[in-house]
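**Student:** One structure, as structure tokens, below. Some questions next.
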Amino acid sequence: MSQTTGGPVLIFDGDCPYCSMAAVALRRLDDVEAVPWEAEPVGPFLDAQFGSRPFAMVLVDPDERLVYAGRAAAQELADRAGTPGIVGGLVRDNYERIAGVVGALSGRDRDPADFHDTYELDDDAADLVETLRPAVSESPEPAA
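This note's numbering applies: residue 12 is where the sequence shown begins, and numbers increase by one.
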């Protein structure tokens, strides 16, 4: 098993301008690196972790050896951002509604997958975490 050298990695919808803006803001969190779902190394990582490529927000924390998906990822990010507990709960409880509105506004033609739990990081997926980090540069930069 390979050793990871960085902090958490967020996999987000890179086609969604609202998600992209949120990913830029998340860079200010403790070592969270944002990688668009569409980036080349994301598919193999998701295959290793889930046995498929679910279209979902995914937060990978290699130090904790945990993977948060969907509602669990949204709540974990809200918690890490220091928002009050009620905000994280509202985000978690309304994840599908928020994703649907954002998808409609951005013209996205697919719905998020039904993955909403916290999972142990699979050993094969852990070996691929470091392949995600170079794709961070594919994330959008904030507008000037």
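Yeah, the Cβ is synthetic: ideal placement off N, Cα and C, and Gly gets one too.
Does DSSP put Phe56 in a helix, in a strand, or in coil?
**Tutor:** Along the sequence shown, read from residue 1 onward, the residue named residue 56 stands at position 45. Helix, per DSSP.
**Student:** Note the first and the last residue of the continuous beta strand (DSSP E) segment covering Ala50.
**Tutor:** Position 39 of the sequence shown, counting from 1, holds the residue named residue 50. From DSSP, Ala50 is part of no beta strand (DSSP E); its letter is neither H nor E.
**Student:** What's the gap between the Cα of Val69 and the Cα of Tyr79?
**Tutor:** Translated into the one-based positions of the sequence shown, residue 69 becomes position 58. Translated into the one-based positions of the sequence shown, residue 79 becomes position 68. So the alpha carbons of these two residues sit roughly 6 Å apart.
**Student:** Is the Cβ of Pro47 closer than 7 Å to any Cβ of chain B?
**Tutor:** Protein chain content of the structure displayed is limited to a single chain, and chain B is not contained in it.
**Student:** Cα separation between Gly100 and Gln86?
**Tutor:** On the sequence shown, residue 100 is found 89 positions in, with the first residue counted as 1. On the sequence shown, residue 86 is found 75 positions in, with the first residue counted as 1. Its pLDDT being 47, under 50, Gly100 is placed unreliably in this model, and the coordinates cannot settle the point.
**Student:** Would Gly81 be called buried (16 or more neighbouring beta carbons within 10 Å of its own) or exposed?
**Tutor:** Along the sequence shown, read from residue 1 onward, the residue named residue 81 stands at position 70. It counts as buried.
**Student:** Determine whether the beta carbon atoms of Ala136 and Ala59 lie at a separation below 7 Å.
**Tutor:** As a position in the sequence shown, residue 136 is number 125, starting the count at 1. As a position in the sequence shown, residue 59 is number 48, starting the count at 1. Yes, they are a contact pair.
**Student:** Using DSSP with H/G/I as helix, E/B as strand and the rest coil, what is Leu139?
**Tutor:** Position 128 of the sequence shown, counted from the first residue, corresponds to residue 139. Correct three-state label for Leu139: coil.
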